[in-house]
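Protein chains in written order, with my numbering: chain U, 1 to 362; chain R, 363 to 724.
Written out below as structure tokens is the structure these notes cover.
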């Protein structure tokens, strides 16, 4: 968000965990985001606070709000991105489509669910998971006995979430933004491809999607953002089932990996839009710059990788590619950057992005 | 350049005159760019030094180069952007088209030139001018008697440059980039419109320009950048004369006001391209994003202007407009930001940009 803040003439300050984070340029305070005094000190230095992850403890945000500090999205909304059980309950209440799910806190309850909806089910810790962490596909409660026996289960939300294992054709994501004034804007629904539970590629728009399903995706995202009072970005990750249904999988309320393509692919990037939305400015246009955009994540291939070794070769071989590096130390599987290609057809864009990524990693 | 450096994973450091400059985020040293020790200390902290203005004294840059520091563009090239007499002599030698000009150091020499090429001529101080400063249209040497009598004339270059006053149809600018490897890339030639000697609007491409003249503009820019060994951006400001000739007016070797439209209007912005070029990375593509781009400068309308007063109204009335604020204090005539509109036809883009600017200023 630092770059669009600069463009918009907005002063941005960052509370970062370390001095050398990718947000170093705008870091004004280094400290622990789970420490109330740290977050309060930071919050008092700005007009509005917002997030690039959802892990700031809700209790801290609630105390800030009680002191009159503008937290966007609010703790009330953010609760649904922090806690998957809270999310499932709210989705059910508003009528948004979920996989079959249940709150369980004993092996017996879990095994009953497996009997009914198995043989395999998906068990999730309600809070703290991301990029596939805190999620297990199991066929018996024994496979999460460590979670069930964990004295920390209370801190994980008190119970576990179990969901049917959905047979899906592919995964989609609908990114949108809403400001406190109630203005709403959405980007095209995208296809997200995962490897080992981590986003690998994003195709915008989702190839061959029907206009009916596109409209349905926006309708679901709008229902959620309005029902929960979301301000800023909302990413709704969904399954497109083999039966042609959409089921909500996860929510995020911040700039999201499924929207990185918007930097080059959209009239307004998700980063600028999130800033506009949390500041209650009018939202920017979300028209695509070109018919298609493809984003490919650069995931660390080793702990000693030299990302820059082939940098100029790739720039030269693939001049149409936009490479983004986050300035993070390499680590196997870590998101170190991404590549975006815009164009007229998805096959060409995908081939180009993958070609560039392969050359960078070699 | 801070934003594209972030994207490319390049660490950027800035020597700034004040702590609160628009480059504050990346400022690592505050000091005087005319002080050798200050510039040397800064230069030793980076791999390559480059510029966002051309006023660092040549003698300092030459000393850095003697110490093996990579200065891009080199002092040899930059001399031609710093000193208009040096430029005119080099253009003549390489065969690039200039207005009729002469080096003069006495009233007599100047009046002779006026007799031959008047009634009006343009007198310029060889160094230190920008945005119309250091330039006078005169019909008698008395009108620059202060310059001629100035004991500082030596520091202004030792003599004055006098040029015929060209009857021109419009002003054009050709922006291009070249890296030390010799790779060359150019953007479309643009029309630049000035008010009181300051750039007011830029239209890309220059409306109704013939393909012959477009090619000629690139040919001139390429000749200059190669003859002078320019690295980084080169902006060649030109007159299109009433006779359909192109004559070179000024040179700049850095991101230039005539190229701000490239942020939204081009596959690669001039800021990213300048970084790539000075780092000897392959140059990015310069294809236009949309057929037309129009840039309108936001010049301060008073010293107490509140630029943000109508910010949200303008965003709402003109959602297709990209507003850039530089975070500078308002001052009458100061460049405080700019607006870019991309689209299919220049009239619509221009009307939109001017409408948004008027609303911001009201």
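Ideal Cβ positions, reconstructed from N, Cα and C, are used throughout, including at glycine.
Cβ of residue i within 9 angstroms of any chain R Cβ
i, result
"residue 334 of chain U", "no"
"residue 26 of chain U", "yes"
"residue 267 of chain U", "yes"
"residue 275 of chain U", "no"
"residue 337 of chain U", "yes"
"residue 299 of chain U", "no"
"residue 3 of chain U", "yes"
"residue 281 of chain U", "yes"
Strand pairing of residue i, partner residues [DSSP]
i, result
"residue 705 of chain R", "R:654"
"residue 614 of chain R", "R:597"
"residue 684 of chain R", "R:702"
"residue 136 of chain U", "U:123"
"residue 561 of chain R", "R:556"
"residue 16 of chain U", "U:30"
"residue 60 of chain U", "Note: residue 60 of chain U sits in no beta bridge, so no partner."
"residue 241 of chain U", "U:168"
"residue 433 of chain R", "R:411"
"residue 247 of chain U", "U:239"
"residue 204 of chain U", "U:293"
"residue 697 of chain R", "R:661"
Whole-angstrom C-beta distance between residue j and residue i, which should lie under 8 angstroms
i, j, result
"residue 366 of chain U", "residue 346 of chain U", "Since the first residue shown for chain U is 1 and the last is 362, residue 366 of chain U is missing from the structure and cannot be characterised."
"residue 303 of chain U", "residue 332 of chain U", "6 angstroms"
"residue 488 of chain R", "residue 523 of chain R", "6 angstroms"
"residue 593 of chain R", "residue 541 of chain R", "6 angstroms"
"residue 217 of chain U", "residue 172 of chain U", "6 angstroms"
"residue 144 of chain U", "residue 121 of chain U", "Between residue 121 of chain U and residue 144 of chain U the Cβ distance is about 10 angstroms, and since that is not below 8 angstroms, they are no contact."
"residue 502 of chain R", "residue 476 of chain R", "7 angstroms"
"residue 284 of chain U", "residue 290 of chain U", "No, residue 284 of chain U and residue 290 of chain U are not in contact; Cβ-Cβ is about 17 angstroms, not under 8 angstroms."
"residue 86 of chain U", "residue 79 of chain U", "5 angstroms"
"residue 352 of chain U", "residue 318 of chain U", "6 angstroms"
"residue 601 of chain R", "residue 528 of chain R", "5 angstroms"
"residue 15 of chain U", "residue 29 of chain U", "5 angstroms"
"residue 692 of chain R", "residue 670 of chain R", "Between residue 670 of chain R and residue 692 of chain R the Cβ distance is about 10 angstroms, and since that is not below 8 angstroms, they are no contact."
Closer than 9 angstroms to chain U by CB, residue i
i, result
"residue 718 of chain R", "no"
"residue 724 of chain R", "no"
"residue 582 of chain R", "no"
"residue 462 of chain R", "no"
"residue 625 of chain R", "yes"
For this session: Report the residue ranges of all alpha helix (DSSP H) runs contained in full by the segment 441–472 of chain R; include only those spanning at least 4 residues, in chain order.
Result: Qualifying alpha helix (DSSP H) stretches, in chain order: 446–456.
Problem set entry | Residues of the segment 666–688 of chain R with Cβ closer than 8 angstroms to any Cβ of chain U, in chain order | Legend: CB atoms of the segment 666–688 of chain R lying less than 8 angstroms from CB atoms of chain U belong to residues 669, 670, 673, 674, 677, 678, 681, 682, 684, 685, 686, 687 and 688.
For this session: Would you list, in chain order, the members of the segment 645–658 of chain R that have their beta-carbon closer than 7 angstroms to a beta-carbon of chain U?
Result: So the list reads 646, 647 and 651, given in the order they occur along the chain.
Exercise. Using Cβ-Cβ distances below 7 angstroms, what residues of the segment 7–33 of chain U are close to chain R?
Worked result: Shown in chain order are the members of the segment 7–33 of chain U whose Cβ falls below 7 angstroms from a Cβ of chain R: 7, 8, 9, 25 and 26.
Problem set entry | beta strand (DSSP E) segments (min. 3 residues) lying fully within the segment 625–670 of chain R | DSSP runs (the beta strand (DSSP E)) wholly in the segment 625–670 of chain R: 654–661.
For this session: Report the residue ranges of all alpha helix (DSSP H) runs contained in full by the segment 507–556 of chain R; include only those spanning at least 4 residues, in chain order.
Result: For the segment 507–556 of chain R, whole alpha helix (DSSP H) runs of length 4 or above, ordered along the chain, are 507–511.
Exercise. What residues in the segment 163–179 of chain U bring their beta carbon closer than 8 angstroms to a beta carbon of chain R?
Worked result: When CB distances to chain R are screened at a threshold of 8 angstroms, not a single residue of the segment 163–179 of chain U falls below it.
Exercise. Taking any Cβ of chain U, which residues in the segment 407–427 of chain R have a Cβ under 7 angstroms from it, in chain order?
Worked result: Contact residues of the segment 407–427 of chain R toward chain U are absent (C-beta to C-beta distance below 7 angstroms).
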